[in-house]
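> Handing you a structure now.
2 protein chains.
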Amino acid sequence: MKSELRLGIAGLGTVGANVAQLIERKSDLLAERVGRKLTVTALSARRREKSRGFDTAGMAWFDDPVALAREGEIDAFVELIGGSDGVAREAVEAALQRGIPVVTANKALLAHHGVALARLAAGNGTEILFEAAVAGGIPIIKTMREALSGNEVSRVYGILNGTCNYMLTRMEKEGLTFDSCLKDAQDLGYAEADPTFDIGGFDAAHKLAILTSLAFGTEISLESIFVEGISKITVDDINAAAELGYRIKLLAVSLRTDSGTEQRVHPAMIPARSALAQVDGVTNAVAVDSDLLGSILLAGPGAGGSATASAVLSDIMDVAGGFVPPTLGLPPSRLQPYVRARMRAHEGGYYIRLSVFDRVGAFASIANRMAENGISLESIVQRKADRQKGEGTAPVVLVTHETTEAAIRAALGALSKDGHLSGEPQMIRIEDLD
Amino acid sequence: MKSELRLGIAGLGTVGANVAQLIERKSDLLAERVGRKLTVTALSARRREKSRGFDTAGMAWFDDPVALAREGEIDAFVELIGGSDGVAREAVEAALQRGIPVVTANKALLAHHGVALARLAAGNGTEILFEAAVAGGIPIIKTMREALSGNEVSRVYGILNGTCNYMLTRMEKEGLTFDSCLKDAQDLGYAEADPTFDIGGFDAAHKLAILTSLAFGTEISLESIFVEGISKITVDDINAAAELGYRIKLLAVSLRTDSGTEQRVHPAMIPARSALAQVDGVTNAVAVDSDLLGSILLAGPGAGGSATASAVLSDIMDVAGGFVPPTLGLPPSRLQPYVRARMRAHEGGYYIRLSVFDRVGAFASIANRMAENGISLESIVQRKADRQKGEGTAPVVLVTHETTEAAIRAALGALSKDGHLSGEPQMIRIEDLD
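Going down the list, the sequences are from chains A and B.
Numbering follows the UniProt record's numbering, with no gaps: position 237 of the first sequence is 237.
Numbering follows the UniProt record's numbering, with no gaps: position 262 of the second sequence is 262.
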């Protein structure tokens, strides 16, 4: 058996403690699988005193994670501090500068500085592993970096935020409003006190930025992602989706187009009979379309201490095994510059829900504005007007054939100016999963 | 860049030719990803003359694959001949005896001789890779051997045969009978002229035998698998399943029980709203339940030249990278003996469809036989008797609460002897996917 792999773990929250516990508890199994013993030799966390469910005897303690990365007697550095900058970044850089491989669950660090860090790693003859940074326990990084290594990817998409998926699932199944559902999610610990990062789509965007680079061999470009959260989704939309044979999910999508890479995170209608549509609750799922495989789908837990720890452990085992592919799938020098396809050029079908004043000319306005912008309609459903409060309004739901984002925005802008609408039009993109 | 990896490919059917073409066509991409050039240096196939879509200049030709494995100037041997014995086995053994790693898509070879071959490999300091042997392009072997390496698995199950899934999907969507559907599948090349291996469940059993070993760290035991094919499934069952909120799939299941490992392949009713139930046509899917991850699901193409070639290429890249985990996930000496849980001890819900003579006492016979065997019923549906042909018979559909296979068999045996049934009872197991 080869010499032991000495690990330094920085950050002992739920995931970090879980990883250390697993290495202690499953020591023999892990050693048999990889032919090498894993030993935690150094630790760093904010507070030292806390009991964390594993035996820290013989492990060196560092108050400063950067000192651990710089001076610890370690063969691999496990960064579970979090945050795109600050000590997490400094510590990772310090480890890489020593040529020590880094295992991290830090999506923000990679989404913001992934290319620079990949360069630093390669320059020092090492790599970064980050299975836990995207979709928790789902082995999507390993799949994209290794299993698909002979494939050219055309699209990667999925459900990457458990909080949003949990909320949309409950809104659908229990008819809850967005606000009451959010409160419940917060009470249950599925949503943060400030939920913006999750429900605004930003968490999913960070993960998508990383997947895009792996998928297309391009530099990471978080700032190019079109991001729209779920806060405007109503039970009316969810019910209309069901009637039309769709379900609404917060989808993260990245695809190659003629004008560059299109990255977007937004609520989308997807066919109710698709496997992706059955992904409920906090579960995540990622699908990849590629030349050799056609389409594959991976679904599983997107968060949680033990699932994330499982992903971290998988990376540690790869380091122990001795081979790790290039951080972003290719040597950093071979990554292509990111070319952004503008969101206005996005092509697809659209669902539009309008609240229309029940008066002469309203429907003609809709029909004309769509026609003017070259938008053809797949279906139109107008419900009976609600006349109880003053001038009646009628809900109208349109589903368009494939058109462009620019055309839809122009049509809705003109429609709003015509003055027949009560309130803002609702628009949800339809994702074709074939 | 490290020295090139020299490959010998034996078997140049669709998959073998595809692999060689991809290595030629994607040469630069593959070398960038793994830091090493892949070069096919030796070939063997039945006929030499055939043009196969890649340049064979500089490649040594062997009429005998065993000679290639024994004498070829190669660093890895790619076996794409097929068959559990004969030259495929001999050639693989010859390569392993030289300490050369083997990449194979041969499920029969592994299901029958996997443990012996793993021992031979380990004894010579090398390993066998077989991503393409199970579920085609889905990276389930890599996932189980590497991504789940810290997990203890409790159940692995899935849709492992594309032919059966294609047929069941068409029977459901088009109301076709089994026989007409089989003929169509044969005409379209989705089923063999002798379809027994697929529709009898044996193909899925071979794949399951391999997954079971990886899941539970046990020796492979193909002969312990309870196998039941799909030929008795009727459109009536499919329609009844739909009414009850299920879909019928040929499921391969392996799980740990108190009395050992339970391996079975049979048609099963699974919840229509589950992700697995949406896996249609020739697509395969595998789900794994484990301690750290809960449940993950992988779906994708289960067969086809390019998907299988993609999996072979992924294995070749791993060999080029230099680390491969133990063939069956653990060193062969650490594999546990296989302990078989008897199928009669299987616990679950059951769907039973009876054709009952429309006479006094028939229903009492059903109720009594179930009660005698401790079986409680979740639902009973009796349709109106069909009186057009002599003594009328009425279809009766029962769904049981959880019970044992032994109890169901005893109840149905007694019921048949009571003489109230026209024809054999139909019984389909219900799989709980929670």
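Backbone N, C-alpha and C define an ideal beta-carbon position, used for all residues, glycine too.
Quick caveat: nothing in here was measured; it's all calculated off a predicted structure.
Tell me, which residues are paired with Gly349(B) by DSSP?
If you number the second sequence from 1, residue 349(B) lands on position 349. Paired residue(s): Ile430(B).
> Would you please verify whether the beta carbon of Ile220(B) is less than 8 Å from any beta carbon of chain A?
Against the second sequence, residue 220(B) aligns to sequence position 220. False, the Cβ-Cβ gap to chain A never drops below 8 Å.
> Beta-carbon separation of Ile199(B) and Ser149(B) under 8 Å?
Reading the second sequence from its first residue, position 199 is the one you call residue 199(B). Reading the second sequence from its first residue, position 149 is the one you call residue 149(B). Not a contact, by the Cβ cut-off of 8 Å.
> Below 6 Å CB to CB, which residues in the same chain sit around Pro267(A) once its five sequence neighbours on both sides are set aside?
Here residue 267(A) refers to the residue found at position 267 of the first sequence. Taken in chain order, the residues that qualify are Ile230, Ile233, Ile248, Leu250 and Ile428.
> When you compare the region 132-142 of chain B with the region 300-313 of chain B, are there three or more beta-carbon pairs, one atom per stretch, that lie closer than 8 Å?
Counting Cβ pairs under 8 Å, three or more are found: they touch.
> Give me the Cα-Cα distance between Ile128(A) and Val92(A), rounded to the nearest whole angstrom.
Here residue 128(A) corresponds to residue number 128 of the first sequence, with the count starting at 1. Here residue 92(A) corresponds to residue number 92 of the first sequence, with the count starting at 1. Cα to Cα, Ile128(A) sits roughly 9 Å from Val92(A).
> Please list the partners that Met269(B) has in chain A, where partner means a Cβ-to-Cβ separation under 8 Å.
Walking along the second sequence from the start, residue 269(B) turns up at place 269. The premise fails here: Met269(B) is roughly 16 Å from chain A at the closest Cβ pair, so nothing lies under 8 Å.
> Between the C-alpha atoms of Ala272(B) and Asp237(B), what's the straight-line distance to the nearest angstrom?
Along the second sequence, read from residue 1 onward, the residue named residue 272(B) stands at position 272. Along the second sequence, read from residue 1 onward, the residue named residue 237(B) stands at position 237. Cα to Cα, Ala272(B) sits roughly 14 Å from Asp237(B).
> Can Phe323(B) and Gly322(A) be called in contact, C-beta distance under 8 Å?
As a working mapping, residue 323(B) is identified with position 323 in the second sequence. As a working mapping, residue 322(A) is identified with position 322 in the first sequence. Going by C-beta atoms, Phe323(B) is nearer than 8 Å to Gly322(A).
> Distance cutoff 8 Å, beta carbons only. Does Arg273(B) sit that close to anything in chain E?
The question asks about chain E, but that chain is absent: this structure's protein chains are A and B.
> Taking its Cβ as the centre, do 16 or more other Cβ atoms sit within 10 Å of Glu391(B), making it buried, or is it exposed?
Taking the second sequence and counting its residues from 1, the one referred to as residue 391(B) is at position 391. Glu391(B) comes out exposed.
> Does Met59(A) come out as helix, strand or coil in the three-state DSSP assignment?
Looking up residue 59(A) in the first sequence gives position 59. In this structure, Met59(A) counts as coil in the three-state DSSP scheme.
> Would Ala147(A) pass as an interface residue toward chain B - the criterion being a Cβ-Cβ separation below 8 Å?
To locate residue 147(A), count along the first sequence from 1; it is residue 147. It does; some Cβ of chain B falls within 8 Å.
> Thinking Ile270(B) and Glu172(B) are a contact (beta carbons under 8 Å), I'd like their distance in whole angstroms, please.
Taking the first residue of the second sequence as position 1, residue 270(B) is located at position 270. Taking the first residue of the second sequence as position 1, residue 172(B) is located at position 172. Not a contact, Cβ separation roughly 13 Å.
> Can you give the beta carbon distance from Val399(A) to Gly349(A), rounded, assuming they're within the 8 Å contact cut?
Translated into the one-based positions of the first sequence, residue 399(A) becomes position 399. Translated into the one-based positions of the first sequence, residue 349(A) becomes position 349. The Cβ separation is near 7 Å, so the contact holds.
> Near Ala205(A), which residues of its chain fall below 6 Å by C-beta distance, leaving aside the five closest residues on each side in sequence?
For the purposes of this step, residue 205(A) is identified with residue 205 of the first sequence, where counting begins at 1. Ile225, Val227 and Val265, listed in sequence order.
> As a quick exercise: from His420(B), Thr257(B) and Arg359(B), pick the residue whose alpha carbon is nearest that of Arg342(B).
Here residue 342(B) refers to the residue found at position 342 of the second sequence. Answer by Cα proximity: Thr257(B).
> Which residues in chain B sit within 8 Å of Val34(A), going by Cβ to Cβ distance?
Start at 1 with the first residue of the first sequence, and residue 34(A) comes out as number 34. Under the 8 Å cutoff, chain B gives Ser149 and Pro325.
> Just reading off the beta strand (DSSP E) that Gly294(B) is part of, what are its end residues?
Along the second sequence, one-based indexing puts residue 294(B) at 294. First-last of the beta strand (DSSP E) with Gly294(B): Gly294 to Pro301.
> Quick check: what's the CA-CA separation for Ala320(B) versus Arg46(B)?
Counted from its first residue, the second sequence places residue 320(B) at position 320. Counted from its first residue, the second sequence places residue 46(B) at position 46. Ala320(B) and Arg46(B): Cα-Cα distance of roughly 27 Å.
> To the nearest angstrom, how far is it from the Cα of Glu32(B) to the Cα of Thr212(B)?
Here residue 32(B) refers to the residue found at position 32 of the second sequence. Here residue 212(B) refers to the residue found at position 212 of the second sequence. Rounded to the nearest angstrom, the two C-alpha atoms are 35 Å apart.
> Mapping the DSSP letters down to three states, classify Ala362(B) as helix, strand or coil.
Mapped onto the second sequence, residue 362(B) falls at position 362. DSSP places Ala362(B) in helix when its eight states are reduced to three.
> Run through the DSSP bridge pairs and tell me what Ser290(B) is partnered with.
In the second sequence, the residue the question calls residue 290(B) occupies position 290. Ser290(B) is bridged to Val153(B) and Gly294(B).
> How far does the beta strand (DSSP E) with His266(A) in it extend, from its first residue to its last?
Working through the first sequence from its first residue, we reach residue 266(A) at position 266. Gly260 to Pro271 is the extent of the beta strand (DSSP E) around His266(A).
> Does the contact criterion of 3 or more C-beta pairs under 8 Å hold for the region 71-81 of chain A versus the region 4-11 of chain A?
Touching, yes, given that three or more Cβ pairs across the two stretches are closer than 8 Å.
> By DSSP, does Arg409(B) sit in helix, in strand, or in coil?
Here residue 409(B) is taken as the residue at index 409 of the second sequence, counted from 1. In the structure shown, Arg409(B) sits in a helix (DSSP, three-state: H, G or I).
> Taking 8 Å as the cut-off, decide whether the C-beta atoms of Glu405(A) and Ala345(A) are in contact.
Start at 1 with the first residue of the first sequence, and residue 405(A) comes out as number 405. Start at 1 with the first residue of the first sequence, and residue 345(A) comes out as number 345. Yes. Within cutoff.
> With the cut-off set at 8 Å, would you say Val396(A) and Leu354(A) are in Cβ contact?
Working through the first sequence from its first residue, we reach residue 396(A) at position 396. Working through the first sequence from its first residue, we reach residue 354(A) at position 354. A contact, by the Cβ cut-off of 8 Å.
> Helix, strand or coil for Glu378(A), going by three-state DSSP, please let me know.
Counted from its first residue, the first sequence places residue 378(A) at position 378. It is a strand residue.
> So which residues on chain A does Lys26(B) lean against when the C-beta distance must stay under 7 Å?
Here residue 26(B) refers to the residue found at position 26 when the second sequence is read from its first residue. Simply Gly150.
> Taking all protein chains shown into account, do 16 or more other C-beta atoms lie within 10 angstroms of the C-beta of Pro425(A), making it buried, or fewer, making it exposed?
Looking up residue 425(A) in the first sequence gives position 425. With 16 or more other Cβ atoms within 10 Å, it is buried.
> Tell me which residues of the UniProt domain "ACT" (351-434) of chain B have at least one Cβ-Cβ distance to chain A shorter than 7 Å, keeping chain order.
So nothing in the stretch comes that close.
> Using a Cβ-Cβ distance cut-off of 8 Å, determine whether Leu330(A) contacts chain B.
Here the question's residue 330(A) lines up with position 330 in the first sequence. Closer than 8 Å: yes.
> So with Cβ pairs under 8 Å, would you call Asp318(B) a contact of chain A?
In the second sequence, residue 318(B) corresponds to position 318, counting from 1. Yes, Asp318(B) lies at the interface with chain A (some Cβ there is under 8 Å from its Cβ).
> Roughly how many whole angstroms lie between the Cα atoms of Leu421(B) and Asp289(B)?
Taking the first residue of the second sequence as 1, we reach residue 421(B) at position 421. Taking the first residue of the second sequence as 1, we reach residue 289(B) at position 289. Whole-angstrom Cα-Cα distance: 40 Å.
> What are the start and end residues of each continuous alpha helix (DSSP H) run of 4 or more residues lying completely inside the region 183-228 of chain A, in chain order?
Listed in chain order, the complete alpha helix (DSSP H) runs (minimum 4 residues) inside the region 183-228 of chain A are 196-199 and 202-216.
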